[in-house]
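S.K.: Below is a structure I'd like to ask you about.
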Amino acid sequence: MTEDRSSWYVALAGFLAVLALACVALMVYGEWFDRRLVASGAMGVLLVLYAAIVVLFRKARLTAEE
Amino acid sequence: MYRRLLLALQSATLRLDTWVNRVLPQDFNPLYYTGGLANLFLTILVVSGILIFLYYEPSLEGAYASVEFLTHHVPYGVVFRGIHRYAADAYLVAILLHLFRNWFTDRYREARDSQWLSGMFLLVVSGFAGFTGYLLVWDERSQLLTSLTTQALRSVPLIGGWLERVFLGGPGVSDTTLPRFLFLHIGPAMTLYVLLWWHYVRLRHPKIWPPAVWVLFSLGLLFILASALPAASGPPAQPGASPEGFQVDWFFLWPYVLARWTAPGWALALVVALVVYGMVIPYTLRETPEQRGLRALGQAVVVEENCTGCELCYYDCPYNAIYMVPSPYPGKSRAAANRKLLAVVVDSRCVECGICIGACPFEALELPRMLDKDVQQRIRRGAGAAAPVAS
Ligand code: HEM
Ligand code: SF4
Ligand code: SF4
């Protein structure tokens, strides 16, 4: 049961990492085409995704309490 | 009644903790870091504030235009402005959560009253700095807030006129007003750091920062808010006009909403009453020393011959009451003969809790009215260690 969940958490983290990459692309796009609110919004989403990935890694027991 | 309400709130707070701990790993529970979160948002406010300050012009003619320039012409200026504004809201939410949490989990009385009192000062000064921030834009809202504030100040008996002059930097709104507002924004913000020193000085290991995951999340959220709902000014202030439209951030400026409903003087009186009540909260539950579980054991004393300078007590005292100093002379026991440091108890901070006694492996700490032999005698008498001891 726990095992199953762990792989599910890792899969979800992987999916979020792909979204994070998309955010990086959006940031570049926003800066390039002068749509700075898009760039900064994407930066915000990226940071939130990173936070979620950190939580998922912990839930999957890939990291431990400091 | 009040006591029962507090107990109910305490169990609700703890239930909420348990619930969050089910969803998140326990050391990520944000409710354990409300103080750290407040500190994080304060730091974000300071950094974004410095960036905004670089563009701000504190004059009646220039203030509005300088904020507009920052918003529309400086790359990412609108984002920094938004981050500053939303961080102020988040900061207030964090402080209030922190306040209620410490209140409901009973961490504000006795030796923690200095944290509570410094906390109330932090709240008041933060609220004031937040409010003066709204004045700096010098749009219609700033003008209206200025006029409501001067009315409220004028209604203060005896010193009202003087307060009004201090607030406006002169007898009325003039060229000196916006530099004054700028000072009233930044000055209190700097005072917060002095108050934070007071807030932390008696706390051992205060969690000043939240875990990295909450730093990422909070920054991310601020960027999202600043981009999705960009900060904007209202119409510019008009000299001599008295604007009626009232679009306030009620969350920060609720006294002004109240001032519009009643009279500015009443709103000011209510704020003062709430602050005074807040200050006396730690002293509201009158209890006898027995009810409070006070044991009058005397402040901890270091048995200098035995102290090895190992620092364990220093790390464990929750009230920061133990300092390590260079040892002026060697100890007597074998373990203490070559010590480099000696533990010293700061009497005014010690609450006689006895935690350091448990921390010290060398029998080098004592509570003077609870010596080893007393404990043994008690155990022999079959009395519980927590029972009050007659001094
Ligand atoms: C600028 C605003 C504030 C900041 C940055 C701040 C920060 C902190 C931090 C980092 C701690 C130690 C860790 C913790 O318990 O979270 C703490 C403890 C404490 N704070 Fe605050 N605080 C602020 C405002 C307040 C306010 C408004 C109150 C209540 C009136 C308050 C009451 C307390 C108390 C009672 C403690 C001791 C808690 C304990 O014994 O563990 N603080 N604060
Ligand atoms: S008894 Fe010891 S641990 Fe407790 S406050 Fe005093 S010095 Fe600190
Ligand atoms: S724990 Fe004991 S031996 Fe170690 S520094 Fe404190 S008093 Fe000295």
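Top line first, the protein sequences correspond to chains S and V. Numbering follows my numbering, in which position 10 of the first sequence is assigned residue number 10; successive positions increment by one, without gaps. Numbering follows my numbering, in which position 20 of the second sequence is assigned residue number 86; successive positions increment by one, without gaps. Where is the CB? At the ideal position from N, CA and C, for every residue including glycine.
Taking 7 Å as the cut-off, is the beta-carbon of Val412 (chain V) closer than that to any non-hydrogen atom of ligand 3?
M.R.: no
S.K.: So Tyr142 (chain V) contacts chain S; which residues on that side make the cut at Cβ distance below 7 Å?
M.R.: Arg36 and Ser40, listed in chain order.
S.K.: Taking all protein chains shown into account, decide if Ala402 (chain V) is buried (16 or more other Cβ within 10 angstroms of its Cβ) or exposed.
M.R.: buried
S.K.: With a cut-off of 8 Å on the beta carbons, I'd call Glu377 (chain V) and Met390 (chain V) a contact; round off their distance for me.
M.R.: 6 Å
S.K.: Indicate the three-state DSSP secondary structure (helix, strand or coil) for Ala456 (chain V) in the structure shown.
M.R.: The predicted position of Ala456 (chain V) is uncertain, since its pLDDT is 44 and thus under 50; no value can be drawn from it.
S.K.: Which residue wins for smallest C-alpha separation from Ala297 (chain V), given the options S:Leu46, S:Leu37, S:Ser6 and S:Arg58?
M.R.: S:Leu37
S.K.: Would you say the beta carbon of Cys383 (chain V) is closer than 7 Å to some non-hydrogen atom of ligand 2?
M.R.: yes
S.K.: Give me the Cβ distance between Tyr469 (chain V) and Ala409 (chain V), rounded to the nearest whole Å; I'm assuming they're in contact under 8 Å.
M.R.: Examination of residue 469 (chain V) is not possible in this model, given that chain V is present from 67 through 457 alone.
S.K.: Assign Leu47 (chain S) to buried or exposed, taking buried as 16 or more other Cβ atoms, counted over all protein chains shown, within 10 Å of its Cβ.
M.R.: buried
S.K.: Taking beta-carbon pairs under 9 Å, can you tell me which members of the segment 267–286 of chain V lie near chain S?
M.R.: Pro277, Ala278, Val279, Trp280, Val281, Leu282, Phe283, Ser284, Leu285 and Gly286
S.K.: What is the DSSP secondary structure of Met256 (chain V), reduced to helix, strand or coil?
M.R.: Three-state DSSP puts Met256 (chain V) in a helix.
S.K.: Could you check the C-alpha separation between Leu120 (chain V) and Tyr152 (chain V) for me, to the nearest Å?
M.R.: In this structure, the alpha-carbon of Leu120 (chain V) lies about 19 Å from that of Tyr152 (chain V).
S.K.: Hey, could you find the ends of the alpha helix (DSSP H) Pro330 (chain V) is sitting in?
M.R.: Pro330 to Val346
S.K.: With 16 as the cutoff for other CB atoms within 10 Å, does Asn404 (chain V) come out buried or exposed?
M.R.: Of the residues assessed, Asn404 (chain V) falls on the exposed side of the cut-off, its CB having fewer than 16 other CB atoms within 10 angstroms.
S.K.: Identify the residues that DSSP records as bridge partners of Tyr389 (chain V): which are they?
M.R.: V:Val410
S.K.: Which class does Ser6 (chain S) belong to by DSSP, given the choice of helix, strand or coil?
M.R.: Residue state, collapsed to three classes: helix.
S.K.: Give a yes or no on contact between the segment 178–196 of chain V and the segment 252–265 of chain V, applying the rule of three or more CB pairs nearer than 8 Å.
M.R.: yes
S.K.: In angstroms with no decimal places, state the Cα-to-Cα distance between Met67 (chain V) and Gln76 (chain V).
M.R.: Our two residues, Met67 (chain V) and Gln76 (chain V), have alpha carbons roughly 14 Å apart in a direct line.
S.K.: Would the C-beta of Tyr380 (chain V) count as close to ligand 3, meaning under 7 Å from any of its heavy atoms?
M.R.: yes
S.K.: Considering only the beta carbon of each residue, do Phe107 (chain V) and Tyr157 (chain V) sit closer than 8 Å?
M.R.: yes
S.K.: When the Cα atoms are used, what is the spatial distance from Ser125 (chain V) to Leu351 (chain V)?
M.R.: 50 Å
S.K.: Does chain S have any CB closer than 8 Å to the CB of Ile116 (chain V)?
M.R.: no
S.K.: Over the uninterrupted alpha helix (DSSP H) stretch that includes Ile225 (chain V), give me the two end residues.
M.R.: Segment: none, Ile225 (chain V) is in no alpha helix (DSSP H) and carries neither H nor E.
S.K.: For Glu432 (chain V), which of helix, strand or coil comes out of DSSP?
M.R.: strand
S.K.: Since Leu437 (chain V) meets chain S, which of its residues come closer than 8 Å, beta carbon to beta carbon?
M.R.: Residues of chain S passing the Cβ test: none, with the nearest at roughly 39 Å.
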